[in-house]
Amino acid sequence: MKLNLEKKVVLVTGGTRGIGKCIVAEFLAEGATVCFCSRTAATVEAVEKELSAAHPNATCHGAIVDVSDPAQLEAWVSSVAAAHNQIDVVVANPSALSIADTAESWNACFQTDMMAARNLIQAALPHLEQTKGSIVSIATVSARDVDFTAPSPYGALKAALIHYTAQLAHTLAPKGVRANSVSPGNTYFKGGVWEQIEHGNPALFASQMKANVMGRMVRPEVADAVVFLASERASFITGQNLNVDGGLCTGVQY
Ligand SMILES: NC(=O)c1ccc[n+]([C@@H]2O[C@H](COP(=O)([O-])OP(=O)(O)OC[C@H]3O[C@@H](n4cnc5c(N)ncnc54)[C@H](OP(=O)(O)O)[C@@H]3O)[C@@H](O)[C@H]2O)c1
Numbered sequence: 004m005k006l007n008l009e010k011k012v013v014l015v016t017g018g019t020r021g022i023g024k025c026i027v028a029e030f031l032a033e034g035a036t037v038c039f040c041s042r043t044a045a046t047v048e049a050v051e052k053e054l055s056a057a058h059p060n061a062t063c064h065g066a067i068v069d070v071s072d073p074a075q076l077e078a079w080v081s082s083v084a085a086a087h088n089q090i091d092v093v094v095a096n097p098s099a100l101s102i103a104d105t106a107e108s109w110n111a112c113f114q115t116d117m118m119a120a121r122n123l124i125q126a127a128l129p130h131l132e133q134t135k136g137s138i139v140s141i142a143t144v145s146a147r148d149v150d151f152t153a154p155s156p157y158g159a160l161k162a163a164l165i166h167y168t169a170q171l172a173h174t175l176a177p178k179g180v181r182a183n184s185v186s187p188g189n190t191y192f193k194g195g196v197w198e199q200i201e202h203g204n205p206a207l208f209a210s211q212m213k214a215n216v217m218g219r220m221v222r223p224e225v226a227d228a229v230v231f232l233a234s235e236r237a238s239f240i241t242g243q244n245l246n247v248d249g250g251l252c253t254g255v256q257y
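Per the working numbering, the very first residue in the sequence shown carries number 4; after that it's consecutive.
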């Protein structure tokens with residue numbers, strides 16, 4: 004399937020490791036120009052170098068941005084638009100990954116999972132309207148099922164993000180802009196949260212492995228779903244939340 008992403012400009016927040024890095028790499032593999040960010044200068048520089056070398060036919064730009072700071076986020080979006088004259092896709096990826104039921108944790112998730120996504124989308128919207136572009140929000144299966152993270156802000160605020168993304172799908176459809184969410188299940192990669200849990204909390208790791216009915220956790224394959232939904236091959240898909248979880252969620256979606 005040809006995705007026709009070669010002339011597209013894609014913004015991915017939180018692109019230096021884990022799911023975000025895989026998303027950046029998959030868009031580059033499709034020939035897109037990808038601008039990504041994170042808070043850590045050394046990893047931004049290293050990942051830009053690594054992915055540029057791995058994808059010589061595509062362009063990759065890293066930036067140091069804390070998405071929980073609206074001014075930094077807006078300045079980055081403006082600079083990308085000025086440099087490339089277009090924005091076709093935005094992917095709102097980072098999470099505070101905070102599962103404590105404390106005021107501090109609720110505030111961190113609200114700023115990073117919800118408001119940073121909203122601020123990214125709003126800053127990019129004039130450009131997305133021009134290109135009839137596409138929005139993908141990264142949510143989680145913890146928004147669909149009450150799971151081991153409950154009670155906490157994590158699933159609750161990702162549920163808010165899924166709802167807001169669906170609202171955008173409806174309100175922006177007349178302008179040709181699509182908006183979807185992707186909800187990964189437990190995603191295992193080196194240095195990621197599930198490798199940490201494997202060593203730090205083996206009982207939780209074992210119980211989640213049991214719940215993963217396909218016998219494994221999600222791999223970087225979750226990025227394929229994001230790239231497909233962002234592409235014109237998904238041109239009539241909007242307002243959806245796609246679980247990429249190997250059947251982990253037990254609720255039935257109608
Ligand atoms: N891993 C899973 O099992 C799983 C399952 C379901 C859903 N998800 C969702 O998938 C998304 C990515 O998760 P992940 O596990 O890949 O996370 P991760 O390994 O913690 O990576 C997060 C990325 O975002 C960056 N980042 C974090 N906070 C940021 C901020 N305030 N401003 C800018 N960049 C920031 C990180 O770099 P710096 O720290 O250097 O800034 C890093 O590049 C999240 O929305 C998460 O909720 C993950």
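Backbone N, C-alpha and C fix where the C-beta goes; we use that ideal spot for every residue, glycine too. Computed from a predicted structure; not experimentally measured.
Beta carbon of residue i nearer than 9 Å to that of residue j
i	j	result
Phe192	Cys38	no
Lys213	Lys178	no
Leu54	Ser234	no
Asn96	Val196	no
Ile124	Asn183	no
Val216	Leu251	yes
Glu51	Val230	no
Ala127	Val70	no
Ala172	Thr241	yes
Asp3	Ala99	This structure does not reach residue 3, given that the chain is present from 4 up to 257, and the question cannot be answered.
Ser41	Val83	no
Gly249	Gly21	no
Leu76	Arg236	no
Val47	Ala78	no
His130	Gln89	yes
Thr19	Ala57	no
Glu132	Val180	yes
Residue nearest to residue i in terms of C-alpha spacing, selected from the options
i	options	result
Gly218	Val50, Ile165, Ser234 and Asn189	Asn189
Leu245	Gln133, Gln256 and Ser238	Gln256
Thr62	Pro129, Val139, Phe30 and Ala146	Phe30
Val13	Met4, Gly23 and His166	Gly23
Asp227	Ile200, Ser82, Ser186 and Pro205	Ser186
Ile141	Tyr157, Ala49, Ala56 and Ser81	Tyr157
Cys112	Ala85, His64, Gly65 and Thr143	Thr143
Gln101	Val68, Ser145, Gly254 and Ala78	Residue 101 is actually Ser in this sequence, not Gln. Here the closest residue by C-alpha is Ser145.
Ser155	Gly203, Asp104 and Leu6	Asp104
Arg222	Pro205, Ala237, Gly203 and Val247	Val247
Lys10	Phe151, Ile165 and Asp91	Asp91
His87	Thr168, Ala163, Ala35 and Ala45	Ala35
Ala44	Asn122, Asn204 and Gly17	Gly17
Gln211	Ala162, Asp150, Asn60 and Ala106	Asp150
Met4	Ala57, Thr152, Leu232 and Gly254	Leu232
Ala163	Gln199, Ile200 and Ala120	Ala120
His166	Val180, Arg147 and Thr152	Arg147
Residue interval of the alpha helix (DSSP H) (run including residue i)
i	result
Arg181	No alpha helix (DSSP H) contains Arg181, which is instead part of the beta strand (DSSP E) from Arg181 to Pro187.
Asn110	Ala106 to Cys112
Ile22	Gly21 to Ala32
Ile200	Val196 to Gly203
Val37	Here Val37 belongs to no alpha helix (DSSP H); instead the beta strand (DSSP E) covers Thr36 to Ser41.
Val255	Premise fails: Val255 is in no alpha helix (DSSP H) and is neither H nor E.
Ser55	Ala44 to Ala57
Arg121	Ala119 to Thr134
Which residues DSSP lists as bridging residue i, in chain order
i	result
Asn244	Ser184
Ile90	Per DSSP, none; premise fails for Ile90.
Thr190	Val221
Ala95	Ser140
Residue i, enclosing beta strand (DSSP E) - first and last residue
i	result
Leu14	Val12 to Thr16
Thr62	Thr62 to Ile67
Thr174	Where Thr174 is concerned, there is no enclosing beta strand (DSSP E), although the alpha helix (DSSP H) it sits in stretches over Pro156 to Leu175.
Ser238	First-last for Ser238: undefined, no H or E at that position.
Ile138	Ser137 to Ile141
Chain C within 9 Å of residue i, Cβ atoms only
i	result
Thr105	Reference to chain C is not applicable here, since this structure consists of a single protein chain.
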